[in-house]
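Here is the structure we will look at, set down as structure tokens.
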Amino acid sequence: MLLLLACAKPVPPEVVAEPITVPEIGARRAFTPPVPEVATLDNGATLWLVEDHDLPIVSLSLVVPGGATDDGDAWGRAALAADMLTEGAGDRDALTLASDLRLLATDVGASSTRTRTILHLDTHRERLEQTLPIFADVVLRPRFEGSDWDRVIDRSVNVARQDREDGPVVASQYGRLQLYGADHPLGPPTHGTPATLAALDRSDTQSWHASRLVAGESTFVVVGDLGLDEARALLDEHFAAWPAETWAYREPVLDGDWPGAGRILLVDLPGSAQTAVRVTVPGYPPGDTIAQAAELAGIVLGGSFTSRLNNLLREQKGYTYGARSWFSEGSLGTEFTASTNVRTDATADALADLVGVLTGDPFSAADRDKAASIARTDAIEAVETRSGLNSALQDLVLRGAAPDGLVTELAASQAVTTEELDRARQWVDPEGGSIVLVGDESVIGAPLKDAGFAYEVVTLPD
Amino acid sequence: MLLAWLVPSALALDIPHEHYELDNGLDVLLVQDHRLPQVVVDLWYGVGSYDDPPGESGFAHLFEHLMFMGTELVGEGEFDGRMEAGGGWNNASTADDRTNYFDVGPAELLDVLMFMEADRMTGLDITQDKLDLQREVVRNERRQNYEDAPYGKVWLEIPAMLYPETHPYHLSGIGSHEDLLAASLDTVTSFYADWYAPNNATLIIGGDFDPDAVKANVDRWFAPLEPAELREHVVPPEVVAPVTVEKTITDQVELPLLVMAWHSPAFFTPGDAELDILASVLAGGADARLEARLVNEERVVQELEVFQYSNRHGSSFYLMAFASPDADLDAVAAAIDEELAALASGAAPVTERELAQAVNGWEMNLVYGLEGLLDRVETLQNYLFYTGTADYLDEDLARYQGVTAESIQAVVAERLKPELAARLTVLPEATEETE
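Quick look at the structure:
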């Protein structure tokens, strides 16, 4: 249509009408991710900082060892401890803390991973001097008051109960438990279950937090309208009381025994209009040079709209609104995940197609080129906002990577070969991991069996 | 005392851009930003779910899906394929009033992005097979986001409670299965002809580009597109009272939910900013009025969400209380009514501190909105579409800074009366539905 419209206009005789075709992609422009400056604070903590004075914004985070792998049987303790940090600190009770932070238009929050607790502060540069003392209180002097604890526990238990009605959330939160087992560091749900949350003890949680939150192995990440000297001076001032000691943090030791490997596990959720499908496969050893090839393999299989999974399950078959896959890497291990929600009546066919994609055709040079281009765009977008760059740097800290990791990892991803891409494929085969289905067994059970998918029904822990 | 140390230097908010219009009616804005080698191509069309043909709910959104299914020049699958091969990505959304399409990618992909957007503006190649496929994708979207998602049914129920059947906002933009199944190729053709044309669109190009080269390509690819004789938007009478004042449904949920919704002033009209600020006063944090009372003190509510959902032909003010399992929902509603009555009567006006909290928060929202390229481009689109000028950032900030306790009181008294509320209750399944 564009061609016809263009040619319908009078063309001067000296102009030769050009063929209307999609233009070529132009020459690539240079991009190098930022590398943070690094300093050590008086209390022994590390500081990574990237200056950016275009807007009066500061994004600050603090990464501290200690997370869900410390929970033992008290699943959810690290997550609850993080939640409690903003429920009153120093001289401020929960409501006063919230009120003052809102007045300062400042966002302070905390969360936990399996191995770390992460706090963040996002504010206007001109309010930083007022907000840092409050942030220091949150880190060093949380109150853990009984009435707030009861309220937070109550809310968390209800959220955990609600999550059990949500197929994709069940598949995400309980999939690892089925694969790795309850005794494995990667197994238990990091946010606990209704029963484990209800059984948590306030003083035990407070003690755990106090014993873990020490400066020695912690890292501040700062991005924004602030220089290194200013940042160091402010953090030295407000975190002088933080003991420069460690609690001999050690990463948990993993074994390779995965009770869910090679199994299809079904959680019955009667009345579901869709079935949540999640494939989880333990991956390569953390830090392995195959990491960037694995990243690109995840993109080709399910990391973009034209990926093999989305193209087949959504665009060709109409089974789903979307399907995706990715490799993730933490300090404990790496994983491949494929995830989708498919029409209940198409579950067996969709699962067959999904497994077929994961075990199917080898990768091509075009696959490699596309995935490398997408990875480069992701790297550009990751540094666009202060909080985005802060997150990317936090990820390096969590993985124990070097401060120039954004640069070296981007370079490595652009140099991945098709052969390396295919080598990464060994970690996407569902046989090496588990498939979790959350859906209506009365509808999907028989077709699954007819299609040769021998599944086991599992129940969620209380 | 805190109030004194809060006010940063005067905020200088700006999104520098160049704005011109082609002879065919296409608005063009250029936003240069050379900090990163990336670009955004963003098109807004002046058509949304509001314009769904009668009896064909969900059609504007279904049509949005078809815009990715290929043209005579860029075959099926090539739009996304060419874009992703160069490291780009795209998405689109259908809102009540407008539909947007945005492409993001490295700077070297700009010509491809511009060409393909111009191409599909008038050159779409739709077949029955493509329609049938995307119909199923949209039905899956409905299942995932509205039917299986906890509380997702709220967004199917509330519009019908607020608006009469004759009003374009009466039905959710996702559409019913029945209407989606009935959508025909003929309607696709007429909808495309009626709404998709340069004189019903705004093109914004942002990022790392040479403006002369971009203007030349705008002339080359967009200027030849013919304008269309656009269909008139329906203009229904203003609605101030809900059609259904009370309804109870069940869902696969753990906590009961009480939703109260009122008709409220249209986007960017007087009262709209007041209700944004009021939402923060009521539930912007643990200390906010309703949150402090219902969540922290009385503990009858687990989570509270309050927001103004702004639209061109009338907005809605929502209050969603996710209650404790054994809470008395009538008592929760009564407490909400009591707080609103105290605001309306002036018995408990918004304090200086509450106002400062809310305005500071909105100011920072505007500052954070200047960080990302796509955010800046979308902000300009939003201003241009709803106010008629892209140069509205200062005015937007000013309308929040101009909100007073008295202006909030006035809008609460006029619009948030108990008798004007639609009340939807969602109960855990195994309870009876009523209307």
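These protein sequence lines are chains A and B, in that order. When we follow my numbering, the leftmost residue of the first sequence carries the number 1, and every step to the right adds one. When we follow my numbering, the leftmost residue of the second sequence carries the number 1001, and every step to the right adds one. Ideal placement from N, C-alpha and C gives every residue a C-beta, glycine not left out.
Problem - Proximity below 8 Å, CB of A/P142 to CB of A/L85 - result: In the first sequence, residue 142 of chain A corresponds to position 142, counting from 1. In the first sequence, residue 85 of chain A corresponds to position 85, counting from 1. It is a contact, given that the beta carbons lie within the stated cut-off.
Practice task
Output, in chain order, the set of chain B residues within a Cβ distance shorter than 7 Å of A/T320.
Solution key: Along the first sequence, one-based indexing puts residue 320 of chain A at 320. Against chain B, a Cβ distance below 7 Å from A/T320 picks out N1140.
Practice task
Return no unless some Cβ of chain B is closer than 8 Å to the Cβ of A/L469.
Solution key: Residue 469 of chain A lies beyond the stretch modelled for chain A, which goes from 1 to 462, so this question has no answer here.
Practice task
With DSSP collapsed to three states, give me the class of B/K1247.
Solution key: What you label residue 1247 of chain B is simply residue 247 of the second sequence in a count that begins at 1. DSSP places B/K1247 in strand when its eight states are reduced to three.
Handout entry: Candidates A/G303, A/D100 and A/S218: closest to A/V139 by CA position
Key = As a first step, residue 139 of chain A is located in the first sequence; it is residue number 139 there, counting from the start. Of the listed residues, the one whose Cα sits closest to A/V139 is A/S218.
Exercise for the section: Check whether the region 95-110 of chain A touches the region 47-58 of chain A, taking contact to mean three or more Cβ pairs, one atom from each stretch, closer than 8 Å. Expected result: Using a C-beta cut-off of 8 Å, the region 95-110 of chain A makes no contact with the region 47-58 of chain A, since fewer than three inter-stretch Cβ pairs fall below that distance.
Handout entry: Partner residues on chain B for A/D166, Cβ-Cβ distance less than 9 Å
Key = Taking the first sequence and counting its residues from 1, the one referred to as residue 166 of chain A is at position 166. The contacting residues are D1148, A1149, P1150 and Q1252.
Practice task
Could you tell me which residues DSSP pairs with B/D1027 in its beta bridges?
Solution key: Residue numbering aside, residue 1027 of chain B sits at position 27 when the second sequence is read from its first letter. B/D1027 is bridged to B/E1021 and B/T1202.
Handout entry: alpha helix (DSSP H) runs contained entirely in the region 1160-1184 of chain B, provided each spans 4 or more residues
Key = If we require 4 residues or more, the alpha helix (DSSP H) runs fully inside the region 1160-1184 of chain B come out as 1177-1182.
Exercise for the section: Inspect the CB distances between the region 167-181 of chain A and the region 1318-1333 of chain B and report whether three or more fall short of 8 Å. Expected result: Taking 8 Å as the limit for Cβ pairs, the verdict is that the region 1318-1333 of chain B does not touch the region 167-181 of chain A.
Practice task
Take the Cβ of B/W1221 as the centre, count every other Cβ of all protein chains shown within 10 Å, and call the residue buried at 16 or more, exposed below.
Solution key: In the second sequence, counting from the first residue as 1, residue 1221 of chain B sits at position 221. By the neighbour-count rule (16 or more Cβ atoms within 10 Å), B/W1221 is buried.
Practice task
Kindly indicate which three-state DSSP category A/V38 falls into: helix, strand or coil?
Solution key: If you number the first sequence from 1, residue 38 of chain A lands on position 38. Of the three classes helix, strand and coil, the one that applies to A/V38 here is strand, per DSSP.
Exercise for the section: Would you please verify whether the beta carbon of A/L463 is less than 8 Å from any beta carbon of chain B? Expected result: Residue 463 of chain A lies beyond the residue range present for chain A, which begins at 1 and ends at 462; the question has no answer from this structure.
Problem - Below-8 Å beta-carbon distance, A/E230 vs any chain B residue - result: Locating residue 230 of chain A in the first sequence gives position 230, where the first residue counts as 1. Not an interface residue.
Practice task
Could you tell me the distance, in whole angstroms, from the CA atom of A/A81 to the CA atom of A/A94?
Solution key: Your numbering for residue 81 of chain A matches position 81 in the first sequence. Your numbering for residue 94 of chain A matches position 94 in the first sequence. Cα-Cα distance, rounded: 14 Å.
Practice task
Mind listing the chain A neighbours of B/D1080? Cutoff is C-beta to C-beta under 7 Å, in chain order.
Solution key: Counting from 1 along the second sequence, the entry for residue 1080 of chain B is found at position 80. Those within 7 Å of B/D1080 in chain A are F305 and T306.
Handout entry: The alpha helix (DSSP H) enclosing A/I374, as first and last residue numbers
Key = On the first sequence, residue 374 of chain A is found 374 positions in, with the first residue counted as 1. Counting along the chain, the unbroken alpha helix (DSSP H) around A/I374 starts and ends at A365 to A382.
Problem - Cβ pair B/H1167, B/P1256 closer than 8 Å - result: Counting from one through the second sequence, the residue named residue 1167 of chain B turns up at place 167. Counting from one through the second sequence, the residue named residue 1256 of chain B turns up at place 256. No, they are not a contact pair.
Exercise for the section: Using three-state DSSP, classify B/M1116 as helix, strand or coil. Expected result: Mapped onto the second sequence, residue 1116 of chain B falls at position 116. Three-state result, B/M1116: helix.
Handout entry: Reduced DSSP secondary structure (H/G/I, E/B, other) of A/R176
Key = Position 176 of the first sequence, counted from the first residue, corresponds to residue 176 of chain A. Note: A/R176 maps to helix in three-state DSSP.
Handout entry: Contact with chain A by B/G1088, beta-carbon distance below 8 Å
Key = On the second sequence, position 88 is the one that residue 1088 of chain B refers to. Yes, because at least one Cβ of chain A sits closer than 8 Å to the Cβ of B/G1088.
Practice task
Consider the Cβ of A/D422: report whether some Cβ of chain B lies at a distance smaller than 8 Å.
Solution key: Taking the first sequence and counting its residues from 1, one reaches residue 422 of chain A at position 422. So no, A/D422 is outside the interface.
Problem - Any chain A beta carbon closer than 8 Å to B/E1157 - result: Counting from one through the second sequence, the residue named residue 1157 of chain B turns up at place 157. No, B/E1157 does not count as interfacial toward chain A.
Practice task
Given a cut-off of 8 Å, decide if B/V1367 and B/A1405 are closer than it, judged by their beta-carbon atoms.
Solution key: Along the second sequence, read from residue 1 onward, the residue named residue 1405 of chain B stands at position 405. Along the second sequence, read from residue 1 onward, the residue named residue 1367 of chain B stands at position 367. With contacts defined by Cβ atoms closer than 8 Å, B/A1405 and B/V1367 do not form a contacting pair.
Exercise for the section: Would you kindly check if the distance between the Cβ of A/L177 and the Cβ of A/V277 is under 8 Å? Expected result: Taking the first sequence and counting its residues from 1, one reaches residue 277 of chain A at position 277. Taking the first sequence and counting its residues from 1, one reaches residue 177 of chain A at position 177. Result no, Cβ atoms of A/V277 and A/L177 do not sit closer than 8 Å.
Practice task
With distances taken Cα to Cα, identify the nearest neighbour of A/V438 among A/L396, A/D378, A/G400 and A/T344.
Solution key: Residue mapping note: residue 438 of chain A aligns to position 438 of the first sequence, counting from 1. Looking from the CA of A/V438, the closest CA among A/L396, A/D378, A/G400 and A/T344 belongs to A/T344.
Practice task
Classify B/E1084 as helix, strand or coil using the three-state DSSP reduction.
Solution key: As a first step, residue 1084 of chain B is located in the second sequence; it is residue number 84 there, counting from the start. Three-state DSSP puts B/E1084 in a helix.
Handout entry: B/P1016 versus B/D1276, B/R1135, B/A1092 and B/R1376, residue with shortest Cα-Cα distance
Key = Locating residue 1016 of chain B in the second sequence gives position 16, where the first residue counts as 1. B/P1016 has its Cα closest to that of B/R1376, out of B/D1276, B/R1135, B/A1092 and B/R1376.
Handout entry: Beta-bridge partners of A/P282, as assigned by DSSP
Key = For this step, residue 282 of chain A is matched to residue 282 along the first sequence. Partner(s): A/E335.
Practice task
Give a yes or no on whether the minimum CB-CB distance between B/R1399 and chain A is below 8 Å.
Solution key: Looking up residue 1399 of chain B in the second sequence gives position 399. No, no contact with chain A.
Problem - Endpoints, the beta strand (DSSP E) within which B/V1234 is located - result: Here residue 1234 of chain B is taken as the residue at index 234 of the second sequence, counted from 1. That residue, B/V1234, is in no beta strand (DSSP E); it is neither H nor E in DSSP.
Handout entry: Residue environment, A/G260, which counts as buried when at least 16 other CB atoms sit within 10 Å
Key = Counting from one through the first sequence, the residue named residue 260 of chain A turns up at place 260. Buried: at least 16 other Cβ atoms inside 10 Å.
Handout entry: Same chain, Cβ closer than 7 Å to A/D71, five either side skipped, listed in chain order
Key = The count along the first sequence starts at 1 and reaches residue 71 of chain A at position 71. These residues qualify, in order along the chain: R77, A78 and P188.
Problem - A/A17 classed as buried or exposed, judged by whether at least 16 other C-beta atoms fall within 10 angstroms - result: Taking the first residue of the first sequence as position 1, residue 17 of chain A is located at position 17. Low confidence applies to A/A17: its pLDDT is 48, below 50, so where it sits in the model is not reliable, and the reading given next is rough at best. Residue burial is scored here from C-beta neighbours: A/A17 has fewer than 16 other C-beta atoms within 10 angstroms and is therefore classed as exposed.
Problem - Residue from B/L1013, B/V1426, B/T1122 and B/M1161 whose Cα sits closest to the Cα of B/A1201 - result: Taking the second sequence and counting its residues from 1, the one referred to as residue 1201 of chain B is at position 201. Here the closest residue by C-alpha is B/T1122.
Exercise for the section: Can you check the region 185-209 of chain A for any alpha helix (DSSP H) of at least 4 residues that lies completely inside it and give the ranges in chain order? Expected result: Fully enclosed alpha helix (DSSP H) runs of 4 or longer: 194-198.
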